[in-house]
Amino acid sequence: MTRQRGFSLIETTVAIALLAIIVVAILSGFSATTLAASRHQQETTLDRLTRSDAEYIKSQTYSPGPPPAGSTTVYQHIAAVSGYTFSYQVLYYSALTNPPNFNPNNADIGLQEIILTVRGPNGSSEVLDFLKEQP
Numbered sequence: 425m426t427r428q429r430g431f432s433l434i435e436t437t438v439a440i441a442l443l444a445i446i447v448v449a450i451l452s453g454f455s456a457t458t459l460a461a462s463r464h465q466q467e468t469t470l471d472r473l474t475r476s477d478a479e480y481i482k483s484q485t486y487s488p489g490p491p492p493a494g495s496t497t498v499y500q501h502i503a504a505v506s507g508y509t510f511s512y513q514v515l516y517y518s519a520l521t522n523p524p525n526f527n528p529n530n531a532d533i534g535l536q537e538i539i540l541t542v543r544g545p546n547g548s549s550e551v552l553d554f555l556k557e558q559p
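Residues in the sequence shown are numbered from 425 upward in steps of one, following this note's numbering.
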C-alpha cells in the first residue's frame with residue numbers, strides 16, 4: 425500500500441474553525457472601533473458647541489439684572505443644532521455676604537457667573553462655568 429500525503433478531515437476542520445474564530449475576532453474589533461469613533465465624534469461636537477456658545481454669550485453686551493419681564497433669557501444662544509440643547513443659569517456676585525458668593529437672588533453689581541449646559545443626542549452633557557463682567 426502506498427502512503428498518501430495530505431491533510432486529514434480532522435486537521436482541515438480544526439484549521440477552518442480556527443480561521444472562523446480569528447475572522448470573528450477581527451470583525452468584532454472593527455465594530456468596536458466604529459462605535460468608539462461615533463461616540464468620540466459626538467463628544468467632540470458637544471465640546472465644540474459648548475465652547476462656541478460660551479464665546480457667543482461672552483461676545484454679547486452685558487445684560488444687567490434678571491431678564492426683562494416676559495422673557496426667560498438674558499443672553500442668546502448660537503443657532504440650534506439638531507439633537508443638542510442649550511441652557512444656562514446666571515448667578516450674580518455679592519461681596520456683602522459672608523463668605524462672598526454667586527447666587528441667582530443677589531443684586532447685580534457688575535459680575536456674573538454663567539453656568540452653561542449643553543446636552544447631546546446620546547444623553548451626554550457638558551457644563552462650562554465662566555464669568556462675565558460689566559465694562
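Even for Gly, the Cβ is constructed at its ideal location relative to N, Cα and C.
Could you pull the start and end residues of the alpha helix (DSSP H) that Leu459 belongs to?
Leu433 to Ser483
With H, G and I counted as helix, E and B as strand and the rest as coil, what does DSSP make of Asp565?
With the chain running from 425 to 559 in the structure shown, residue 565 is simply not present.
From Ser432 to Leu459, what does the alpha carbon distance come to, in whole angstroms?
41 Å
I'd like to confirm something about Ser483: is its beta-carbon nearer than 8 Å to some heavy atom of the ligand NAD, or not?
In the structure shown, the ligand NAD is absent, as is every other ligand, since no ligand is present at all.
Residues near Gly507 in its chain [Cβ-Cβ closer than 8 Å; skip 5 each side]
Gly544 and Pro545
Nearest-angstrom Cα distance between Ser462 and Ile539?
27 Å
Out of Leu443, Ser548, Lys556 and Ser511, point me to the one whose CA is closest to Ile533's CA.
Lys556
Beta bridge counterpart(s) of Val551 as assigned by DSSP
Thr541
C-beta atoms of Ala519 and Gly489 nearer than 9 Å
no
Spatially closest choice to Asp477 from Ala503, Gln466 and Ser455, by CA coordinates:
Ala503
Following the continuous beta strand (DSSP E) through Leu515, name the residue where it begins and the one where it ends.
Thr509 to Ser518
At what residues does the beta strand (DSSP E) containing Asn527 begin and finish?
Asn525 to Asn527
In whole angstroms, what separates the C-alpha of Leu535 from that of Pro559?
10 Å
Beta-carbon proximity of Gln500 to Ile481, cut-off 9 Å
yes
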